[in-house]
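> Residue numbers (this note's numbering): 16 to 193.
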Ligand SMILES: [Zn+2]
């Protein structure tokens, strides 16, 4: 969980910059693009919802769908899910980044998740990127450091399609943080 001995203590902003930081509230409002360049098809929305329901609703985080997303000001919609590959290197299936810091330096007011289309939006990958959006790290950015493939990382293992389960360690970190 952000911050760790690797990440530094201040939330990073910008596409593929730094490390994932925390979301700014235990009430997590999320939106999935429904039109335009980054639209998720119905089946992909269903997959993301299933991962949120199965892995994150049993935590201290309360997820709410925001059908009227807010993209400016101090109370932006917390997580915006996009389907697309713009800006992603060929080797990368998905990424999460903060575009607006929250209030205390550790957290982000609005996180973006972008995952490639055509079958890349899986339950495991939705769990993985949603984990980043609430501050969970890969193994080599964790304290203590772990191999990126360590099964204790649950769905935060790399490659990102490896495990469906959030796992007990991540759940404890989330519950201790929020
Ligand atoms: Zn990752």
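Even for Gly, the Cβ is constructed at its ideal location relative to N, Cα and C.
In its own chain, which residues sit with a C-beta less than 6 Å from the C-beta of residue 125, not counting the 5 before and 5 after it?
Once the five neighbours on either side are set aside, the close Cβ partners of residue 125 are 91, 114 and 115.
> Measure the CB-CB distance between residue 21 and residue 175 and report whether it falls below 9 Å.
Not closer than 9 Å, so no.
> Return the CA-CA distance between residue 61 and residue 95, expressed in angstroms with no decimal places.
Whole-angstrom Cα-Cα distance: 15 Å.
> Less than 8 Å between the CB atoms is what I'm expecting for residue 170 and residue 70, so what's the real figure, rounded?
So it is a contact: roughly 7 Å between Cβ atoms.
> Please name the residue in 148, 181 and 100 whose C-alpha comes closest to that of residue 40.
Of 148, 181 and 100, the residue nearest in Cα terms is 148.
> On the criterion of 16 or more Cβ atoms from any shown chain inside 10 Å, does residue 105 qualify as buried, or is it exposed?
Label assigned to residue 105: exposed.
> Is any heavy atom in ligand 1 found nearer than 8 Å to the beta carbon of residue 178?
Residue 178 Cβ: outside cutoff for every heavy atom of ligand 1.
> Would you mind sorting residue 86 into buried or exposed? The rule is 16 or more other CB atoms within 10 Å of its CB.
Answer is exposed; the Cβ neighbour count stays below 16.
> According to the Cβ coordinates, are residue 184 and residue 146 closer than 9 Å?
No. Outside cutoff.
> In terms of alpha-carbon separation, which member of 188, 164, 98 and 190 lies closest to residue 50?
Of the listed residues, the one whose Cα sits closest to residue 50 is 98.
> May I ask you to check if the CB of residue 70 is nearer than 8 Å to at least one heavy atom of ligand 1?
For ligand 1, not one heavy atom lies less than 8 Å from the Cβ of residue 70.
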